[in-house]
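Participant: Questions regarding the structure given below will be posed in turn.
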Amino acid sequence: MKLRSVLVLSFLLAPAGWVSPASPLTGPVATSLSMPVRGVWMHPGFFGSDKAVAIEKMRTTLDAYVQAGINTVIMCVKNTSGHVYYASEIGVRDKAWDWDFFGVFAAEAQKRRMEVHPWFCVFPESAILGQVREHPEWLITSPKREFVGAVNPALPAVREYEISLMLEVVRKYDVGWVHLDYIRYPCEPTEPYFSFDPETLRLFKQDTGIDMAAVKARDSGNMAWNEWLRWNTDRVTVFVRELKDALKATGRKVKISAAVFPDAGNAAVLIGQDWPAWAREGLVDMLCPMLYSNDAGLFEKLVREAVGYGKGRSQVCPGIGIGTSHNQNTPEGMIEQMKISKRLQADGVVFFSSNSLNQPFLDRLKAAK
Numbered sequence: 002m003k004l005r006s007v008l009v010l011s012f013l014l015a016p017a018g019w020v021s022p023a024s025p026l027t028g029p030v031a032t033s034l035s036m037p038v039r040g041v042w043m044h045p046g047f048f049g050s051d052k053a054v055a056i057e058k059m060r061t062t063l064d065a066y067v068q069a070g071i072n073t074v075i076m077c078v079k080n081t082s083g084h085v086y087y088a089s090e091i092g093v094r095d096k097a098w099d100w101d102f103f104g105v106f107a108a109e110a111q112k113r114r115m116e117v118h119p120w121f122c123v124f125p126e127s128a129i130l131g132q133v134r135e136h137p138e139w140l141i142t143s144p145k146r147e148f149v150g151a152v153n154p155a156l157p158a159v160r161e162y163e164i165s166l167m168l169e170v171v172r173k174y175d176v177g178w179v180h181l182d183y184i185r186y187p188c189e190p191t192e193p194y195f196s197f198d199p200e201t202l203r204l205f206k207q208d209t210g211i212d213m214a215a216v217k218a219r220d221s222g223n224m225a226w227n228e229w230l231r232w233n234t235d236r237v238t239v240f241v242r243e244l245k246d247a248l249k250a251t252g253r254k255v256k257i258s259a260a261v262f263p264d265a266g267n268a269a270v271l272i273g274q275d276w277p278a279w280a281r282e283g284l285v286d287m288l289c290p291m292l293y294s295n296d297a298g299l300f301e302k303l304v305r306e307a308v309g310y311g312k313g314r315s316q317v318c319p320g321i322g323i324g325t326s327h328n329q330n331t332p333e334g335m336i337e338q339m340k341i342s343k344r345l346q347a348d349g350v351v352f353f354s355s356n357s358l359n360q361p362f363l364d365r366l367k368a369a370k
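Be aware that the sequence shown starts at 2, since it is given in my numbering, and climbs by one per residue.
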């Protein structure tokens, strides 16, 4: 869920004190904050691993969320180390949760008629766990032969493995969504961002005729580098396309939501995440740009852009940071960002995260149903 350099760059590009012409400070204010989606990202750690304690907290938390108008819960089922929180025969379960956490949580949420999105941190993986330990060649490799803590979207075997986890959840549980996070290359790896392992270089040369073995650093003036960037970005899109096809093949109507970096242009260039292309192709059903900022002008600018990309193709539900590494919001700030989202015709909002969504925030949400 970390935004790091892309969101920082967006902040730097916005002049201090900048307010857009149609900002909430001058534009009309929505009279109702009701939108189709009011969601929250959640993690098993919020509840703890003790089964009895966790189940009791699930029930009280979900009841409070219903009272606050929250109708969508996005629960982590695979974290950034590769551990899973459901009864998996493929992935490596977190030992602290020796019971089917997600199965219990999904049932409790569905009793309350809430939409449940199992949330996958897709490409981050630990080199010492499960199938990745057996296949170190899956890890992203720098030109210096250094491994990065993520697997390589360019490799068909990697895409097949990650999709197999998602299909396992869809087959085991009655869910209508799969939520993608970290659906990209790493933000801050050893240069460059993409993998220079022999198999990836072979696949790239096979597709383009270009030998990248001699190109060791970013060079935007080099045609080979620009083709390399485009090809790697396309590999992430290929993953989303393959997932879409695999879900369709189950015979179930399972939709795809995705947490994405808010600055679409930089996301495609820096991390291989071309989410406007996913919307154009109809590959995703909900986009959640992670807009973790207290800057109302910047928030509005990026919501407007996202709604434009999704218009008629995908729902757009901006991610509002409650307490993140990028911002610490207030109940009033949250409401203001909801007003912006409503006015710009977003389909809803998603809050990050349950850890920070405490009673003062819930009280304001309840009053704004």
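Just so you know, even glycine gets a beta-carbon here, dropped at the ideal spot from N, CA and C.
From residue 110 to residue 116, what distance separates their C-alpha atoms?
Facilitator: For residue 110 and residue 116, the distance between alpha carbons rounds to 7 Å.
Participant: Which runs of the alpha helix (DSSP H), 4 residues or longer, sit entirely within the region 128–192?
Facilitator: Taking only runs of at least 4 residues, the alpha helix (DSSP H) segments lying wholly in the region 128–192 are 131–135, 157–173.
Participant: For residue 91, count neighbouring C-beta atoms within 10 Å of its own C-beta (all shown protein chains included) and say buried if the count is 16 or more, exposed if not.
Facilitator: So residue 91 counts as exposed.
Participant: Extract the residue ranges of the beta strand (DSSP E) inside the region 22–88, only unbroken runs of 3 or more that lie entirely within it.
Facilitator: Whole beta strand (DSSP E) segments, 3+ residues: 38–43, 73–79.
Participant: Compare the C-alpha of residue 240 against each of 363, 114, 285, 263 and name the closest.
Facilitator: Ranking 363, 114, 285, 263 by Cα distance to residue 240 puts 285 first.
Participant: Grouping DSSP H, G and I as helix and E and B as strand, with all else coil, what is residue 287?
Facilitator: Residue state, collapsed to three classes: strand.
Participant: Could you tell me which whole beta strand (DSSP E) segments of length 3 or greater appear in the region 273–331?
Facilitator: Qualifying beta strand (DSSP E) stretches, in chain order: 287–292, 320–322.
Participant: Report yes if the CB atom of residue 349 is closer than 9 Å to the CB atom of residue 318, and no otherwise.
Facilitator: Taking 9 Å as the Cβ cut-off, residue 349 and residue 318 qualify as a contacting pair.
Participant: Going by CA-CA distance only, name the one from 362, 60, 250, 125 that's closest to residue 324.
Facilitator: It is 362.
Participant: Do you know whose CA, among 331, 205, 257, 302, lies nearest residue 1's CA?
Facilitator: This structure leaves residue 1 out entirely; the chain is present only between 2 and 370.
Participant: Which residue marks the beginning of the alpha helix (DSSP H) containing residue 206, and which one marks its end?
Facilitator: From DSSP, the alpha helix (DSSP H) with residue 206 extends over 199–209.
Participant: Could you pull the DSSP bridge partners for residue 357 from this structure?
Facilitator: BP columns for residue 357 are empty, so no partner.
Participant: Is residue 182 closer than 9 Å to residue 121 when the C-beta atoms are compared?
Facilitator: Yes, the Cβ-Cβ distance between residue 121 and residue 182 is below 9 Å.
Participant: Where does residue 349 fall in DSSP's three states?
Facilitator: Three-state DSSP puts residue 349 in a strand.
Participant: On a CA-only basis, which of 333, 262, 277, 326 is nearest residue 312? Give me that one, please.
Facilitator: It is 277.
Participant: Are the CB atoms of residue 335 and residue 305 within a distance shorter than 9 Å?
Facilitator: No, the Cβ-Cβ distance between residue 305 and residue 335 is not below 9 Å.
Participant: In the DSSP assignment, find the alpha helix (DSSP H) that holds residue 247 and state where it starts and stops.
Facilitator: 224–250 is the extent of the alpha helix (DSSP H) around residue 247.
Participant: With DSSP run on the structure shown, which of helix, strand or coil describes residue 270?
Facilitator: DSSP places residue 270 in helix when its eight states are reduced to three.
Participant: Since residue 215 is in the alpha helix (DSSP H), which residue starts that stretch and which ends it?
Facilitator: Unbroken run through residue 215: none, as it is neither H nor E.
Participant: According to DSSP, which residues form a beta bridge with residue 256?
Facilitator: According to DSSP, residue 256 bridges with 178.
Participant: Measure how close the beta-carbons of residue 161 and residue 89 come, nearest whole angstrom, since I'm counting them as under 8 Å.
Facilitator: Not really, about 16 Å apart at Cβ, beyond 8 Å.
Participant: Roughly how many angstroms separate the alpha carbons of residue 452 and residue 264, rounded to a whole number?
Facilitator: Past the boundaries of the shown model lies residue 452; the chain is included only from 2 to 370, so the question cannot be answered.
Participant: Do you know whose CA, among 114, 166, 129, lies nearest residue 148's CA?
Facilitator: Out of 114, 166, 129, 129 has the C-alpha closest to the C-alpha of residue 148.
Participant: With three or more beta-carbon pairs closer than 8 Å as the criterion, would you say the region 37–44 touches the region 71–82?
Facilitator: Short answer: they touch.
Participant: Taking the alpha carbon of residue 297 as the reference point, which residue from 114, 237, 330 has its own alpha carbon closest?
Facilitator: Taking only the C-alpha atoms, the option nearest residue 297 is 330.
Participant: Assuming residue 303 contacts residue 259 (C-beta within less than 8 Å), just tell me the rounded distance between them.
Facilitator: Rounded, the Cβ-Cβ distance is 16 Å, inconsistent with contact.
Participant: Please name the residue in 69, 163, 104, 48 whose C-alpha comes closest to that of residue 247.
Facilitator: If we check each option's Cα against that of residue 247, 163 comes out closest.
Participant: Based on the DSSP output, what are the partners of residue 98 in its beta bridges?
Facilitator: Partner(s): none; residue 98 has no beta bridge.
Participant: On the criterion of 16 or more Cβ atoms from any shown chain inside 10 Å, does residue 37 qualify as buried, or is it exposed?
Facilitator: So residue 37 counts as exposed.
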